[in-house]
Amino acid sequence: MAKPKQQNNRKKVKKNIAKGVAHIHSTFNNTIVTISDEQGNVLSWSSAGALGFKGSKKSTPYAAQMIAEAAGKGAMDNGVRTISVEVKGPGPGRDAAVRSLQGVGLEITSIKDTTPIPHNGVRPPKRPRG
């Protein structure tokens with residue numbers, strides 16, 4: 001006989017954290033927003049694929065706006081009111097995500113660009129012609 005499926009009885013515990021850090025990772029193909037506490041423990045995250053965007057729609061500023069709203073609401077459920085923003089990557093959604101976090105009602109204390117800059121590392125991809 002098959003065993004009955006065991007149910008998960010653990011309830012999600014709501015944390016009450018006042019300050020957080022929003023990590024916005026924006027590439028040419030996607031945008032990922034992760035909001036953590038100051039120690040780095042993840043409180044909420046969102047990405048374009050998680051919200052149902054597919055293909056080239058994932059790289060739009062509108063998708064980044066929706067991603068930041070979803071992640072911001074999840075962080076506010078945990079009590080986050082003020083955040084510092086760290087932006088990484090050259091994608092089209094980075095500015096839209098920062099504006100959207102502010103629009104959700106989170107107070108932004110600082111914005112920091114942590115895009116990695118190569119000191120002549122690997123060869124970059126060739127430029128598109130067209």
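In terms of UniProt numbering, the sequence shown has 48 at position 48, counting the first letter as 1, and numbering is strictly consecutive.
Think of the CB as a built atom: it goes at the ideal place given N, C-alpha and C, for glycine as much as any other residue.
Contact annotation: alanine 68 and serine 100 have beta-carbon atoms nearer than 7 angstroms. Look at glutamate 107 here: in three-state DSSP terms it is strand. The shortest C-alpha to C-alpha distance from glutamine 39 to any of Ile17, Pro125 and Gly72 is the one to Ile17. When secondary structure is reduced to three states using DSSP, alanine 18 falls in the coil class, being assigned neither helix nor strand. The Cβ-Cβ distance between valine 98 and valine 85 falls below 7 angstroms. A contact between stretches requires three or more CB pairs, one per stretch, nearer than 8 angstroms, and the region 113-121 meets this requirement with the region 75-92. Less than 7 angstroms separates the beta-carbon of alanine 75 from that of serine 44.
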